[in-house]
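**Student:** Under UniProt numbering, the residue at position 161 of the sequence shown is numbered 161, and the numbers go up by one with no gaps.
By construction, the Cβ of each residue, glycine as well, lies at the ideal position given by its N, Cα and C atoms.
First the structure, then my questions, so here it is.
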Amino acid sequence: MVKLTRIYTRTGDAGTTGLVDGSRVAKHDARIVAIGEVDEANSAIGVAVAALAAGPEGDAARAMLGRIQNELFDLGADLATPGDGFEGGDGALRILPAQIARLEAEIDAMNADLAPLASFILPGGSAAAAALHLARAVTRRAERAAMAAAAEQALNPAALAYLNRLSDHLFTLCRQLNAAGGGDPLWRPGATR
């Protein structure tokens, strides 16, 4: 359990930040940029959770997103841990393939009741779905930042796959929420010409 007795440490005033192993890197290091993007994605999901309606559908979405938000903190810890022992056997907190499999199972379960896509979907619909579309876009940015960091240093492949699958999960959840409220707003190519 993490215990914070003081919020500011002054250790980052010179432009560096600490990694899990105690080493320090520049705050603009690709790894730190990726961690920041994951944090932003987590915050965007929190906004979406706040917009969920009460009731069984909102409660189910809230439960899934709560697990995901916790896992995004785990993913941030994973990214902040240098090394290449990605199976978690070294005691490091790592994203594992089972977490990706759970996201895939949830995607499949949500998608089972949805009509096939006939067009691209405009980000919108209900307030919760619109917020989740924003969270999905921020998650894609986090994935791009993590991939850029992985091009420079060893990162857990499961963490990268998790971000990819998460954006698919958020997209499918948007569709599920909108299906209950009148459907997705669809792109109409050239409609304003």
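Given a threshold of 16 other Cβ atoms within 10 Å of its Cβ, counted over all protein chains shown, does Asp108 qualify as buried or as exposed?
**Tutor:** With fewer than 16 Cβ atoms within 10 Å of its Cβ, Asp108 is classed as exposed.
**Student:** Could you give the DSSP three-state label for Arg24: helix, strand or coil?
**Tutor:** Of the three classes helix, strand and coil, the one that applies to Arg24 here is strand, per DSSP.
**Student:** Who are the Cβ neighbours of Ala53 in its own chain at under 8 Å, not counting the five residues just before and after it?
**Tutor:** Result list for Ala53: Ser126, Ala128, in chain order.
**Student:** If we ignore side chains and look at the alpha-carbon of each, how far apart do Arg67 and Arg193 end up?
**Tutor:** Computed Cα separation, rounded: 44 Å.
**Student:** Check the DSSP bridge columns for Thr17 and list the partner residues they point to.
**Tutor:** Its beta-bridge partners are Val25.
**Student:** Would you kindly check if the distance between the Cβ of Val20 and the Cβ of Ala77 is under 9 Å?
**Tutor:** In this structure, Val20 lies closer than 9 Å to Ala77 by Cβ.
**Student:** Is the segment 148-163 touching the segment 90-105, taking contact as three or more C-beta pairs under 8 Å?
**Tutor:** Yes: at least three Cβ pairs fall under 8 Å.
**Student:** Out of Leu155, Leu134, Val25, point me to the one whose CA is closest to Ser167's CA.
**Tutor:** Closest by alpha carbon: Leu134.
**Student:** Can you tell which of Asn111, Asp39, Ala92, Arg144 has its C-alpha closest to the C-alpha of Ala179?
**Tutor:** Nearest C-alpha to Ala179: Asn111.
**Student:** Go through its chain and collect everything with a Cβ distance to Ala48's Cβ below 6 Å, but skip five positions before and after it.
**Tutor:** Excluding residues within five positions, the ones whose Cβ falls inside 6 Å are Ala128, Ala131, Leu132, Ala135.
**Student:** Cα-Cα, which of Pro123, Ala115, Glu37 is closest to Leu186?
**Tutor:** Nearest of Pro123, Ala115, Glu37 to Leu186, Cα basis: Pro123.
**Student:** Taking only three categories from DSSP, how would you classify Leu52?
**Tutor:** Three-state DSSP puts Leu52 in coil, outside helix and strand.
**Student:** How many whole angstroms separate the CB atoms of Ala145 and Val33, which I take to be in contact at a CB cut-off of 8 Å?
**Tutor:** That pair is a contact at about 5 Å.
**Student:** Heavy atom of the ligand MN less than 8 Å from the Cβ of Asn70, yes or no?
**Tutor:** Because no ligand of any kind appears in the structure shown, any question about the ligand MN cannot be addressed here.
**Student:** Which residues in the same chain as Asn42 place their Cβ atom closer than 6 Å to its Cβ, once the five residues preceding and following it in sequence are excluded?
**Tutor:** Here the set comprises Gln69, Leu72.
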